[in-house]
Amino acid sequence: MRFPSPLALLLALLACCALRLGYAATPLVAEQDFTDTYSNLTPMTSVLADPSRELTLEQIQQQDNQQRFSPLANQGSTSNFGLTRSAIWLRIQLPLRANAPSHWMLEVAAPMLDQIDLFYTSQEKGAEHLRSGDQMPFAQRPLPHHNHVFPLQLTPGHSQTLYLRVTSEGSLSIPLQLWRPAALAQADHASYGAFSLYFGLLLGLVMYNLLLYVSLRENIYLSYVGFATAMVFGQLGLTGFGEEFIWPNLPWWGNIAAQFSMSVSGFFAALFARQFLCTAVRAPVADKVLQGLAGLMALTAACVLVLPYHLCAWLINIDGILFTCVLVGVSIHCLLQKHIGARHFSFAWGTLLLGVLVTALHNLGLLPSHPLITHAMLIGSAVEMLALSFSLADRIQTSRREASEAQARAYQSELAVLNSLRESERKIEGRVQERTRELEKANHELRLNEEQLALQAHHDPLTGLANRKLLGDRLNVAMQHAKRNQQGFAVLMLDLDGFKPVNDRYGHAAGDTVLQSVALRLTSTVRGVDTVARVGGDEFVLILDAVSDGNTMMSIARKVRDALNTPITLDTGEMVQIGTSIGLAIYPVDGSNVEELLTAADNAMYATKNSRYASLQ
2 MRFPSPLALL LALLACCALR LGYAATPLVA EQDFTDTYSN LTPMTSVLAD PSRELTLEQI
62 QQQDNQQRFS PLANQGSTSN FGLTRSAIWL RIQLPLRANA PSHWMLEVAA PMLDQIDLFY
122 TSQEKGAEHL RSGDQMPFAQ RPLPHHNHVF PLQLTPGHSQ TLYLRVTSEG SLSIPLQLWR
182 PAALAQADHA SYGAFSLYFG LLLGLVMYNL LLYVSLRENI YLSYVGFATA MVFGQLGLTG
242 FGEEFIWPNL PWWGNIAAQF SMSVSGFFAA LFARQFLCTA VRAPVADKVL QGLAGLMALT
302 AACVLVLPYH LCAWLINIDG ILFTCVLVGV SIHCLLQKHI GARHFSFAWG TLLLGVLVTA
362 LHNLGLLPSH PLITHAMLIG SAVEMLALSF SLADRIQTSR REASEAQARA YQSELAVLNS
422 LRESERKIEG RVQERTRELE KANHELRLNE EQLALQAHHD PLTGLANRKL LGDRLNVAMQ
482 HAKRNQQGFA VLMLDLDGFK PVNDRYGHAA GDTVLQSVAL RLTSTVRGVD TVARVGGDEF
542 VLILDAVSDG NTMMSIARKV RDALNTPITL DTGEMVQIGT SIGLAIYPVD GSNVEELLTA
602 ADNAMYATKN SRYASLQ
């Protein structure tokens, strides 16, 4: 399979990177002549390691400590100290000619360094102390830049000494470069263009494969999306662009973003490898290894959130080497077994794994710092993701071709089955229709029974009025409504006077007629929003919603009493007359819950009944 478009994009990316690297590699016309625009500071730099991290600037400037400084090894423009816990002091001696410019920029091109302290004597302000690092908010840096850049105001014609104190829990590499402001801006223009191309490429691949997943619903595309998205966040952390543009006020996340994202990227990469190579079916042993690798990367991601940064740095770099070895071994195994897609997989992952291996060896201090080495993962990931994306696109075509062939083979057998299915469908349809009618009839009867049971559970069987249970529910609803609208309501307790003699004289049937007539008269007297309930033999309760005025309640009570004083005609044609005693309670004045309101109304009703008996005597 040929990849013309990916290679063209890769060449464009490398060309942009070469512009930036070209600035860093250009030598001075004369060594230690700082009239040019930038300089390799290694020949002017010496180093002192402070394992205790306790030495101060004053102590460093003492004669005995000055003698401990040693020249940097000849490693180009950078110095790599690996995973060290020591504080690294760099002493930079800058001889400037009298006609040299005074404004310079000192760049430390290692975005993930925890803390960098610069000490020097400024031409205008005297002693200066500037600080930068990924553990401080981006806005507090001396200059807004994805790397750590310090503005310098030097004195031409004098030899000046700069001190840098650098500490980091991760890999400690200190690439130094001295720039004129205009030269730095020009170099940044080229590098920002290259990085924009890189991140734009990755985001485009993420969106493309996300759309493929939405369309095809195959988990392999989702695994690729997870891998590429985590790689984007990891590279944002490694390059410093995340802190500059995405999370400038989250230094705690910026400190672990690269470690966490790369671990998550490794997790999805292992899943993707399993799905792309179909190892669960074609290589069960390799599949178990990839499952273990995915679990290891997930565990590493979790450890990044809870364990010390330095320990996680060792763990991730070791995982990177192990990750490389495992995927190389799986690729070779699948190539030897001639699995479909193994050749494409090996080409794509080989580029990334080479970058991972180079980066891990660099972080462990086994390789010198060089722009091509420090950006090895970035370059490898660009090639790898392009190649894999095109392989996935080719996978779609292969899947469609196989599906088309399978569909043609299945077509004939489907025709043979179709006629028998149609006959079976006709028979089944008749049975289904009959069964549907039976179910509809049963459901109708069930609904009627449920409605009847619900009615019996909440209503008095004789009068059809609400029973005591439904009364309690209505009272709770009325109290909630009154609280919400900041108003009251009234509860009337009614007890029939003269009902027992009628029941005793004319029988229970006549008593039932009287109760039914009372229920009808009460219902017709009050409003539709009010509630009428029967709570005992001849006891009734009325809930008058949104009524709290005393005159209105007394008027309703009189209407109720007048309605019940009207004679009632029995089934035998005889007429009987009963009275009623009414007790009134108002919410929330006479009670704040159901029991208090009913008790207050009941007490008021008995007080009315007792006062009536007293007046008769």
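Numbering-wise (the working numbering), the sequence shown opens with residue 2 and increments by one. Glycine residues also receive a C-beta, built at the ideal position from the N, C-alpha and C atoms. Only a predicted model underlies this, so the values are computations on that prediction, with no experimental measurement involved.
In angstroms, rounded to a whole number, what distance separates the CA positions of residue i and residue j?
{"i": "Met106", "j": "Glu129", "result": "14 Å"}
{"i": "Asn66", "j": "His159", "result": "23 Å"}
{"i": "Phe324", "j": "Gly267", "result": "8 Å"}
{"i": "Arg522", "j": "Val542", "result": "13 Å"}
{"i": "Ala31", "j": "Leu119", "result": "Bear in mind that a pLDDT of 32 at Ala31, under 50, signals an unreliable position, so the number given afterwards is only what the model happens to contain. Looking at the two C-alpha atoms, the distance is approximately 26 Å."}
{"i": "Ala605", "j": "Gly512", "result": "25 Å"}
{"i": "Ile319", "j": "Tyr222", "result": "28 Å"}
{"i": "Trp1", "j": "Leu153", "result": "Given that the chain is displayed from residue 2 to residue 618, the structure contains no residue 1 and the question cannot be resolved."}
{"i": "Ile93", "j": "Thr46", "result": "5 Å"}
{"i": "Glu435", "j": "Tyr507", "result": "55 Å"}
{"i": "Leu626", "j": "Asn210", "result": "The structure shown has nothing for residue 626, since the chain only spans 2 to 618."}
{"i": "Tyr310", "j": "Leu337", "result": "40 Å"}
{"i": "Asn611", "j": "Pro462", "result": "31 Å"}
{"i": "Pro143", "j": "Arg132", "result": "7 Å"}
{"i": "Arg218", "j": "Glu406", "result": "21 Å"}
{"i": "Leu308", "j": "Ser262", "result": "15 Å"}
{"i": "Arg613", "j": "Met555", "result": "17 Å"}
{"i": "Gly235", "j": "Gln260", "result": "7 Å"}
{"i": "Tyr193", "j": "Asp115", "result": "23 Å"}
{"i": "Leu42", "j": "Leu185", "result": "15 Å"}
{"i": "Gln63", "j": "Asp51", "result": "14 Å"}
{"i": "Gln481", "j": "Arg475", "result": "10 Å"}
{"i": "Arg432", "j": "Ser425", "result": "11 Å"}
{"i": "Leu419", "j": "Lys442", "result": "34 Å"}
{"i": "Asn504", "j": "Asp572", "result": "14 Å"}
{"i": "Glu451", "j": "Ala417", "result": "49 Å"}
Output needed for residue i: all residues of its chain with C-beta closer than 7 Å, excluding positions within five of it in sequence on either side, in chain order.
{"i": "Ser264", "result": "Met298, Thr301, Ala302, Val305 and Ile317"}
{"i": "Ser123", "result": "Glu129 and Gln154"}
{"i": "Ser224", "result": "Phe269, Leu272, Phe273 and Gln276"}
{"i": "His334", "result": "Ala284 and Ala287"}
{"i": "Asp34", "result": "Its pLDDT being 45, under 50, Asp34 is placed unreliably by the model, and nothing is read from it."}
{"i": "His104", "result": "Gln154 and Pro182"}
For residue i, collect the residues of the same chain with a Cβ closer than 6 Å to its Cβ; drop the 5 residues on either side in sequence, then sort them by chain order.
{"i": "Val207", "result": "Val226, Ala229 and Thr230"}
{"i": "Gly242", "result": "Per the sequence shown, residue 242 should be read as Phe rather than Gly. Once the five neighbours on either side are set aside, the close Cβ partners of Phe242 are His147."}
{"i": "Ile569", "result": "Val515, Ser518 and Val577"}
{"i": "Asp539", "result": "Leu497 and Phe500"}
Return the residue from the list the options that minimises the CA-CA distance to residue i.
{"i": "Tyr199", "options": "Ile380, Gln481 and Val282", "result": "Ile380"}
{"i": "Phe490", "options": "Asn220, Arg92, Val590 and Leu56", "result": "Val590"}
{"i": "Leu545", "options": "Val530, Arg448, Asn594 and Gly537", "result": "Val530"}
{"i": "Lys560", "options": "Ile583, Thr464, Glu575 and Arg469", "result": "Ile583"}
{"i": "Ala534", "options": "Ser169, Val433 and His459", "result": "His459"}
{"i": "Asn468", "options": "Val536, Val433, Leu440 and Asn450", "result": "Val536"}
{"i": "Gly321", "options": "Gly293, Asp505, Leu278 and Val359", "result": "Val359"}
{"i": "Gly238", "options": "Thr553, Gln413, Gly134 and Glu446", "result": "Gly134"}
{"i": "Cys279", "options": "Val331, Gly293, Thr240 and Asn256", "result": "Val331"}
{"i": "Leu91", "options": "Leu97, Leu84, Tyr121 and Ala101", "result": "Tyr121"}
{"i": "Glu244", "options": "Pro145, Glu170 and Cys326", "result": "Pro145"}
{"i": "Leu84", "options": "Leu42, Ser172 and Leu73", "result": "Ser172"}
{"i": "Leu56", "options": "Asn81, Lys126, Ala88 and Asn566", "result": "Ala88"}
{"i": "Ser593", "options": "Ser53, Ala479 and Ala281", "result": "Ala479"}
{"i": "Thr162", "options": "Ala195, Gly127, Met137 and Pro96", "result": "Pro96"}
Give every residue of the same chain whose Cβ lies closer than 8 Å to the Cβ of residue i, excluding the five residues on either side of it in the sequence, and list them in chain order.
{"i": "Ala99", "result": "Pro157 and Gly158"}
{"i": "Gly465", "result": "Ala520"}
{"i": "Trp248", "result": "Trp254, Gly255 and Ala258"}
{"i": "Phe70", "result": "Ser47, Val48, Leu49, Trp90 and Arg92"}
{"i": "Ala608", "result": "Gly584"}
{"i": "Lys470", "result": "Ala458 and His459"}
Does residue i come within less than 8 Å of chain D when only Cβ atoms are used?
{"i": "Ile544", "result": "Protein chains in the displayed structure number just one, and chain D is not present."}
Across which residues does DSSP place residue i in a beta bridge pair?
{"i": "Ser47", "result": "Pro72 and Arg92"}
{"i": "Leu119", "result": "Leu131 and Leu165"}
{"i": "Glu108", "result": "Val150 and Gln178"}
{"i": "His459", "result": "In DSSP, His459 forms no bridge with anything."}
{"i": "Asn81", "result": "Ser174"}
{"i": "Ser495", "result": "In the sequence as presented, Ser is not what sits at residue 495; that position holds Leu. Its beta-bridge partners are Phe541 and Ile583."}
{"i": "Arg535", "result": "Phe541"}
{"i": "Tyr588", "result": "Phe490"}
{"i": "Ile569", "result": "Val577"}
{"i": "Ala479", "result": "According to DSSP, Ala479 bridges with nothing at all."}
Could you check whether the region 172 to 184 touches the region 110 to 119, counting it as contact only if at least three pairs of C-beta atoms, one from each stretch, sit closer than 8 Å? yes
Check whether the region 579 to 587 touches the region 494 to 510, taking contact to mean three or more Cβ pairs, one atom from each stretch, closer than 8 Å. yes
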